[in-house]
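K.L.:
Chains as they are written, first to last, in the working numbering: chain A, 19 to 130; chain B, 11 to 120. Beta carbons: idealized from backbone N, C-alpha and C, even for Gly.
Structure follows, in structure tokens:
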């Protein structure tokens with residue numbers, strides 16, 4: 019389930035495989051980025067964040083990579099599970115600005 | 011800590027009516043933001059409040075307004091409802107950097 023560099027609206031992943039979700043952000047002045055997971059009928063759930071002075075950050079089963087040169091953000095999910103099926107959004111924020119700008123979202127479907 | 015709560019969870023209104031939505035942030039958080047989510051436009055920022063003051067506003071008409079109380083609870087109001095206002099309205103509570111969202115209020119305008 020890898021589609022490095024390309025944002026796709028949907029991603030189908032075999033259970034147990036690794037997933038990579040890509041996002042291109044728009045504002046070169048953005049200095050803070052967040053990945054959210056949204057399940058049906060629920061609000062976005064915080065997954066992981068990264069500040070612009072870093073290029074990689076790891077959480078539990080997730081890793082966020084930031085490439086400021088090409089304004090690209092990715093979320094890697096290790097050993098994808100059925101509970102990972104959801105829509106994933108990236109969001110960018112400038113520290114002096116208190117609003118988040120969201121990407122279009124990627125719907126991840128995990129196949130058993 | 012309790013999460014962000016929003017009331018009501020579901021609402022049906024008629025065109026021309028007005029509506030008030032409520033949000034209680036995470037305890038200790040002083041910043042509350044509101045977002046509108048629709049299938050066509052995605053998640054869009056409405057406004058943000060901090061210590062009862064609006065700090066930032068998105069690109070929405072004046073029919074959309076909000077306020078924040080001294081206990082950090084916030085309300086948003088939409089007047090003269092239009093069909094296009096049907097959406098999921100999300101409230102987010104912010105500590106230092108991270109924003110945590112509530113479950114949203116699903117507004118349907120008929």
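On the three-state DSSP scale, how would you describe residue 95 of chain B?
P.N.:
helix
K.L.:
Within the 8 Å Cβ cut-off, does residue 111 of chain B reach chain A?
P.N.:
yes
K.L.:
Can a CB atom of chain A be found closer than 8 Å to the CB of residue 132 of chain B?
P.N.:
As displayed, chain B neither begins before 11 nor continues past 120, which places residue 132 of chain B out of reach and without an answer.
K.L.:
Under 9 Å between beta-carbons, which chain A residues line up against residue 103 of chain B? List them in chain order, please.
P.N.:
Ordered by position in chain A, no residue passes the 9 Å Cβ test against residue 103 of chain B, which lies about 11 Å from the chain.
K.L.:
In angstroms, rounded to a whole number, what distance separates the CA positions of residue 15 of chain B and residue 100 of chain B?
P.N.:
About 10 Å.
K.L.:
Locate the beta strand (DSSP E) running through residue 105 of chain A, then write down its first and last residues.
P.N.:
104 to 111
K.L.:
Is residue 23 of chain A buried or exposed, if buried means 16 or more other CB atoms sit within 10 Å of its CB?
P.N.:
Since pLDDT at residue 23 of chain A reaches only 48, below the 50 mark, its modelled position is unreliable, and no value is offered.
K.L.:
If you check the beta carbons only, do residue 142 of chain A and residue 106 of chain A fall under 8 Å apart?
P.N.:
As displayed, chain A neither begins before 19 nor continues past 130, which places residue 142 of chain A out of reach and without an answer.
K.L.:
May I ask which residues mark the beginning and end of the beta strand (DSSP E) holding residue 45 of chain A?
P.N.:
Premise fails: residue 45 of chain A is in no beta strand (DSSP E) and is neither H nor E.
K.L.:
Output yes if chain A places a C-beta closer than 8 Å to the C-beta of residue 108 of chain B; else output no.
P.N.:
yes
K.L.:
Rounded to whole angstroms, what is the Cα-Cα separation between residue 28 of chain B and residue 117 of chain B?
P.N.:
11 Å
K.L.:
Inspect the CB distances between the segment 100 to 115 of chain B and the segment 37 to 44 of chain B and report whether three or more fall short of 8 Å.
P.N.:
yes
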